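A.B. asks:
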């Protein structure tokens with residue numbers, strides 16, 4: 004039997020990091036639809052992130068993206084966040100929007116371009132020092148579009164050299180978490196296309212380098228929960244970038260396309276102690292909200308993760324292992340399905356009430372009047388968005 008008090012304690016301790024860029028105007032490559040009240044600077048993004056944390060109680064950190072969130076005084080930005088009950092989470096680098104990076108960044112054939120990319124990554128570590136951030140999150144768009152365009156092995160050598168220099172700059176309590184992506188914007192080959200490539204580089208770098216699993220960055224049909232289980236077993240799972248996909252890297256609200264997949268992933272996390280603080284797995288959102296309201300979409304995503312987590316924690320592991328040991332295929336599957344089919348919304352409402360929160364986070368947000376306030380107040384200036 005599952006200990007319900009332990010499930011509640013785990014849900015109350017859960018932390019989900021939200022992305023600063025999720026509050027700005029962002030979306031597909033075809034058109035970004037501007038919305039009223041969107042933040043105009045990183046300070047206003049943090050204010051919106053604070054609303055999500057106030058409504059849910061489990062979103063105390065906000066990721067930054069550089070240069071999108073560059074300010075003159077990062078220590079002041081971190082203090083501003085603390086005053087609103089938040090901390091700066093991962094610092095995300097950007098080596099994919101400068102014209103110099105058309106043919107790559109850290110893997111580029113030109114040493115001048117590689118130097119520019121590495122200097123940007125080192126700047127991100129400086130920002131981590133100033134904000135108290137633990138994680139430097141790296142995603143590279145590097146790759147090629149045509150056979151013969153560049154030397155694949157040589158690009159791996161250049162990538163490894165750059166990663167090693169940045170790794171050496173990290174402080175004792177800081178980490179490098181390396182993301183991968185099957186394709187896009189490079190279509191023939193991507194320099195970090197899968198978890199194995201990321202894992203191999205992390206192994207060479209050392210224990211402060213771990214893998215980021217973005218749930219939208221895989222080929223159709225990929226068993227992401229296997230990847231998660233393997234990386235947890237090797238103590239190399241650093242973080243998730245939660246979102247949802249139908250076709251490619253859609254960056255939709257997490258759990259919206261395949262909630263059962265999200266449950267399966269979090270079952271492996273729960274079963275392998277991935278929620279334990281000592282494992283230091285960061286549960287982040289990485290999403291763009293193009294047609295839906297920004298803050299409500301982030302709140303809904305947080306709630307989706309909470310619901311999948313609650314179901315994963317309700318799996319009767321004793322019964323599951325017993326069925327597995329007996330070779331009871333249907334019985335083992337039934338244990339998982341019983342947990343997945345449980346309506347956990349009453350449990351989560353109870354947990355929130357015990358935390359002094361409104362049992363309905365979306366209703367709580369609407370009741371604050373924050374949306375009406377920011378529409379009225381955030382007039383003029385330039386809205387934050389893709390590339391800003």
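Residue numbers (our numbering): 4 to 391.
Each residue gets a CB set at the ideal place from its N, CA and C atoms; glycine is no exception.
As the structure is a computational prediction, the values presented were derived from the model and not from experiment.
(1) Residue 110 and residue 162 - do their beta-carbons sit closer together than 7 Å?
(2) State the DSSP-derived secondary structure class of residue 104, mapped to helix, strand or coil.
(3) Are the beta-carbon atoms of residue 43 and residue 386 separated by less than 7 Å?
(4) Just grab the DSSP bridge partners of residue 323 for me.
(5) Buried or exposed, going by whether 16 or more other CB atoms sit within 10 Å of the CB of residue 183?
(6) Rounding to the nearest angstrom, what Cα-Cα distance links residue 365 and residue 230 in this structure?
(7) When you compare each of 116, 376, 276 to residue 240 by their alpha carbons, which one comes out closest?
(8) Looking only at C-alpha atoms, which of 274, 228, 258 sits nearest to residue 13?
(9) Which residues in the same chain as residue 378 place their Cβ atom closer than 8 Å to its Cβ, once the five residues preceding and following it in sequence are excluded?
(10) Could you give the C-beta distance for residue 121 and residue 165, rounded to a whole number, given that I count them as a contact under 8 Å?
(11) Determine the extent of the beta strand (DSSP E) in which residue 392 is found, giving its start and end residues.
(12) Measuring alpha carbon to alpha carbon, tell me which of 30, 22, 17 ends up nearest residue 50.
(13) Taking the Cβ atom as the reference point for each residue, do residue 126 and residue 63 lie within a distance shorter than 7 Å?
(14) Spell out the partners DSSP gives residue 180 in its beta bridges.
(15) Residue 136 and residue 169: beta carbons closer than 7 Å?
(16) Which stretch, first to last residue, makes up the alpha helix (DSSP H) that contains residue 285?
(17) Could you work out which residue in 155, 268, 123 is closest to residue 140 when comparing CA atoms only?
(18) Considering just the uninterrupted stretch of the beta strand (DSSP E) at residue 186, what are its terminal residues?
(19) Short check: CB of residue 185 to CB of residue 222, under 7 Å?
(20) Can you tell me whether residue 45 is buried or exposed? The criterion is at least 16 other CB atoms within 10 Å of its CB, across all chains shown.
(21) Are the Cβ atoms of residue 197 and residue 215 separated by less than 7 Å?
(22) Should residue 174 go down as buried or exposed, given a rule of 16 or more other Cβ atoms within 10 Å for buried?
(23) Considering Cα atoms alone, identify which of 98, 61, 105 is closest to residue 90.
(24) For residue 48 and residue 24, I'd like the C-alpha separation in whole angstroms.
(25) Around the Cβ of residue 143, are there at least 16 other Cβ atoms within 10 angstroms (buried) or fewer (exposed)?
(26) Taking residue 241 as part of the beta strand (DSSP E), name the residues at either end of that continuous run.
(27) Ignore the nearest five residues each way along the sequence and tell me which others in residue 279's own chain have a CB closer than 7 Å to its CB.
(28) How many Å lie between residue 54 and residue 327 at the Cα?
(29) In terms of residue numbering, what span does the beta strand (DSSP E) encompassing residue 68 cover?
(30) Report the residue from 291, 293, 272 whose alpha carbon sits nearest the alpha carbon of residue 308.
(31) Should residue 297 go down as buried or exposed, given a rule of 16 or more other Cβ atoms within 10 Å for buried?
(32) Measuring straight from C-alpha to C-alpha, what distance separates residue 153 and residue 180?
(33) Where do the N-terminal and C-terminal ends of the beta strand (DSSP E) with residue 95 fall, by residue?
(34) For residue 36, count neighbouring C-beta atoms within 10 Å of its own C-beta (all shown protein chains included) and say buried if the count is 16 or more, exposed if not.
(35) Looking only at DSSP bridge pairs, what is residue 20 linked to?
(36) Which residue's Cα is closest to the Cα of residue 323: 102, 341, 312?
C.D. replies: According to the data block:
(1) Against a cut-off of 7 Å, the Cβ pair of residue 110 and residue 162 comes out as a contact.
(2) Here residue 104 sits in helix by DSSP.
(3) Yes, they are a contact pair.
(4) Residue 323 pairs with nothing; no bridge assigned.
(5) By the 10 Å Cβ count, residue 183 comes out buried.
(6) So the alpha carbons of these two residues sit roughly 33 Å apart.
(7) Here the closest residue by C-alpha is 276.
(8) With distances taken between CA atoms, residue 13 lies nearest to 274 out of 274, 228, 258.
(9) The answer, listed in chain order, is 39, 40.
(10) So it is a contact: roughly 5 Å between Cβ atoms.
(11) Outside the shown range of the chain, which is 4 to 391, sits residue 392, and nothing can be said about it.
(12) Ranked by Cα distance from residue 50, the options 30, 22, 17 are led by 22.
(13) Going by C-beta atoms, residue 126 is not nearer than 7 Å to residue 63.
(14) Assignment of beta-bridge partners to residue 180 by DSSP yields 140, 213.
(15) In this structure, residue 136 keeps its C-beta atom at 7 Å or more from the C-beta atom of residue 169.
(16) Careful: residue 285 lies outside any alpha helix (DSSP H), inside the beta strand (DSSP E) at 285-288.
(17) For residue 140, the closest C-alpha among the options 155, 268, 123 is that of 123.
(18) Premise fails: residue 186 is in no beta strand (DSSP E) and is neither H nor E.
(19) The answer is yes: Cβ separation under 7 Å.
(20) Buried, by the Cβ-count rule.
(21) Inclusion of residue 197 and residue 215 in the CB contact set at 7 Å is not warranted, their separation being larger than that value.
(22) A residue is called buried once 16 or more other Cβ atoms fall within 10 Å of its Cβ, and residue 174, having fewer, is exposed.
(23) The alpha carbon of residue 90 has as its nearest neighbour, out of 98, 61, 105, the alpha carbon of 61.
(24) For residue 48 and residue 24, the distance between alpha carbons rounds to 8 Å.
(25) Under this definition residue 143 is a buried residue.
(26) For residue 241, the enclosing beta strand (DSSP E) covers residues 240-245.
(27) Result list for residue 279: empty, nothing under 7 Å.
(28) Their Cα atoms are separated by approximately 44 Å.
(29) Boundaries of the beta strand (DSSP E) harbouring residue 68: 64-68, taken from the DSSP string.
(30) Ranking 291, 293, 272 by CA distance to the CA of residue 308 puts 272 first.
(31) Classification of residue 297: buried, given that the 10 Å Cβ count is 16 or more.
(32) Each residue's alpha carbon lies about 26 Å from the other.
(33) Element bounds for residue 95: 90-95.
(34) Exposed is the call here.
(35) Bridge partners of residue 20: 287.
(36) Restricting attention to 102, 341, 312, the CA atom closest to the CA of residue 323 is found in 341.
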